[in-house]
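Heads up: the structure comes next, in structure tokens.
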Amino acid sequence: MNKKDKIDNGAQTQLPVAREKNGEPQTKPTQGKMTIYDYEQKYTRRQNVRGARLILWMCASLVGVILFVCLFFLTMRIYEINEYAGYATGAACLILFVCIFVVPLCKIVKTGAFVTNVNAATAREAKRHNKKLRHDVAEKIIDLTSKVEGVGWYDSEVVGRIAIALKVGDEEKLKSALTELYQGCVKKNAKDMIFRSSIKCAAYSAISQAAKVDTALVIFLNLQLIKDLVFLYGFRPSDARLAKIVARVLQNALIAYGLGGLNIGHSVVQTMGSAVKGIPILGNAIAAIVDSSVQGLANGTLTTVIGYQTIRYLTHEYRLQNILDEVNLDETQEELVEACDKLEKELKTKKRNVGAAI
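For the sequence shown, our numbering assigns the number -1 to the initial residue and increments by one for each residue that follows.
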């Protein structure tokens, strides 16, 4: 065999190299499945599950306390004007507290979440849980599309493919159709929900001009938006990420209360100096307009932020559960041989140490 033949034979044993045309690779080298150890190193984070759940309930409790206090002071103000009207307002506020806080929070927490922060010991159980939840989400989407007229959230053609894949048990087609749905119409409708909720929050805050009312409205609209987004996607973020979202609701409520107590408009009018000194009515009107616009814009922006934070977490965890589903959980032959060799060497070392001691 000549030198040229040896070179040609050697080239045939190598992996094919992707040729580029116009900067785009034409072929990609085949890669094996990601192992659970690769997944754990890349995506798993050290996390205290109980601690995350505790923080979630602490933040939720604080939000509930703030909302209750706002409604209580509103009731007492009306009670000072008229006793019977105060009793009626108190009963109405109690019903409101249950409807705008307890019910949305319970619906959010009771919705299933994908398990993605796993290790080698918990990955198999997590994959089974995620598969069941994926089927539950698909069934909810199919049921909602077929039974509720005019909802318009989901593409009927994609939902049809989801129904077929679910019926024949084709997991790959089911995941592909769900991914297409989430990246298309679901994402678009989620953005529309956020925009409408932010507009409501801005408008109501501009009208109310009361710190306690603004705070209650922000809590109500933020929780309602999170509940709607979770219902749209069919699952909720994990406890750790949900705790961050509820903490953001708490932060938004405190900011709304602080803005309501500031006289921003009057500060602006004072800086205008002599331009409005001789027109006190105009000065008061400008102050009221500035106060309402600043509060409305701030509260609306905070609602937008919390909405996009929620869909970012939902999208991230849906992507991770898809990656985890493809992870290879079986030990490779090389890993098994390596483990056996390591055990054999350790036993020989201990045997020598025991012989030397005797």
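For glycine and all other residues, C-beta sits at the position ideal for the given N, C-alpha and C.
TODO: Would you mind reading off the limits of the alpha helix (DSSP H) that contains Thr109?
DONE: The sequence position of residue 109 within the sequence shown is 111, counting from 1. From DSSP, Thr109 is part of no alpha helix (DSSP H); its letter is neither H nor E.
- [ ] Identify whether Arg234 lies in helix, strand or coil by the three-state DSSP scheme.
- [x] One-based indexing of the sequence shown puts residue 234 at position 236. In the structure shown, Arg234 sits in a strand (DSSP, three-state: E or B).
- [ ] Report the rounded CA-to-CA distance for Asn250 versus Ile140, giving the unit in angstroms.
- [x] The residue labelled residue 250 in the question sits at position 252 within the sequence shown. The residue labelled residue 140 in the question sits at position 142 within the sequence shown. Straight-line Cα distance between these residues: approximately 35 Å.
Open item on the list: Please classify Leu164 as buried or exposed, where buried requires at least 16 neighbouring CB atoms within 10 angstroms.
Closed with: Residue mapping note: residue 164 aligns to position 166 of the sequence shown, counting from 1. Buried: at least 16 other Cβ atoms inside 10 Å.
Task: CA-to-CA distance, Asp339 to Thr313, given in whole angstroms - done: Against the sequence shown, residue 313 aligns to sequence position 315. Against the sequence shown, residue 339 aligns to sequence position 341. If you take the alpha carbons of Thr313 and Asp339, they lie about 43 Å apart.
TODO: Pick helix, strand or coil for Thr347, following the three-state DSSP scheme.
DONE: One-based indexing of the sequence shown puts residue 347 at position 349. Thr347: helix per DSSP, three-state reduction.
Open item on the list: Measuring only the C-alpha atoms, how far is Ala225 from Leu179?
Closed with: Locating residue 225 in the sequence shown gives position 227, where the first residue counts as 1. Locating residue 179 in the sequence shown gives position 181, where the first residue counts as 1. One detail in the question is off: residue 225 reads as Lys in this sequence, not Ala. Cα to Cα, Lys225 sits roughly 19 Å from Leu179.
Task: Same chain, Cβ closer than 7 Å to Ala283, neighbours up to 5 away in sequence not counted - done: Looking up residue 283 in the sequence shown gives position 285. Residue confidence is low: Ala283 scores 41 on pLDDT, short of 50, so the model does not pin down where it sits. No coordinate-derived value is stated.
Task: Cα-Cα separation, Thr33 to Pro235 - done: For the purposes of this step, residue 33 is taken as residue 35 along the sequence shown, with counting starting at 1. For the purposes of this step, residue 235 is taken as residue 237 along the sequence shown, with counting starting at 1. Each residue's alpha carbon lies about 24 Å from the other.
- [ ] Mind checking who Asn326 pairs with in its DSSP beta bridge?
- [x] Sequence index remark: in the sequence shown, residue 326 carries index 328 (1-based). DSSP output for Asn326 lists Thr33 as bridge partner(s).
Task: Residues near Ala58 in its chain [Cβ-Cβ closer than 8 Å; skip 5 each side] - done: The sequence position of residue 58 within the sequence shown is 60, counting from 1. Result list for Ala58: Leu103, Val244, in chain order.
- [ ] Rounded to whole angstroms, what's the CA-CA distance from Ala86 to Leu221? Just pull it up for me.
- [x] The residue labelled residue 86 in the question sits at position 88 within the sequence shown. The residue labelled residue 221 in the question sits at position 223 within the sequence shown. Cα to Cα, Ala86 sits roughly 25 Å from Leu221.
- [ ] Could you check the C-alpha separation between Leu72 and Arg246 for me, to the nearest Å?
- [x] For this step, residue 72 is matched to residue 74 along the sequence shown. For this step, residue 246 is matched to residue 248 along the sequence shown. The straight-line gap from Cα to Cα measures roughly 24 Å.
Open item on the list: For Ala83, which residues in the same chain have their Cβ closer than 6 Å to its Cβ, ignoring the five residues on either side in sequence?
Closed with: Sequence index remark: in the sequence shown, residue 83 carries index 85 (1-based). Result list for Ala83: Ile76, in chain order.
Task: Phe95 to Lys31 span [Cα, whole Å] - done: In the sequence shown, residue 95 corresponds to position 97, counting from 1. In the sequence shown, residue 31 corresponds to position 33, counting from 1. Cα to Cα, Phe95 sits roughly 50 Å from Lys31.
- [ ] In the DSSP assignment, find the unbroken alpha helix (DSSP H) run with Ile98 in it and report its ends.
- [x] One-based indexing of the sequence shown puts residue 98 at position 100. Premise fails: Ile98 is in no alpha helix (DSSP H) and is neither H nor E.
Open item on the list: Does the structure place the stretch 173 to 189 close enough to the stretch 207 to 221 that three or more beta carbon pairs sit under 8 Å?
Closed with: no
Open item on the list: If you follow the alpha helix (DSSP H) that Tyr202 is in, where does it begin and where does it stop?
Closed with: On the sequence shown, position 204 is the one that residue 202 refers to. Note, Tyr202: alpha helix (DSSP H), 185 to 206.
Task: Spatial distance of Val157 from Ala175 (CA atoms) - done: Indexing the sequence shown from 1 puts residue 157 at position 159. Indexing the sequence shown from 1 puts residue 175 at position 177. Roughly 8 Å between the two C-alpha positions.
- [ ] Determine, using beta carbons only, whether Tyr311 and Arg239 come nearer to each other than 7 Å.
- [x] Counting from one through the sequence shown, the residue named residue 311 turns up at place 313. Counting from one through the sequence shown, the residue named residue 239 turns up at place 241. Their beta carbons are under 7 Å apart, which means Tyr311 touches Arg239 by this criterion.
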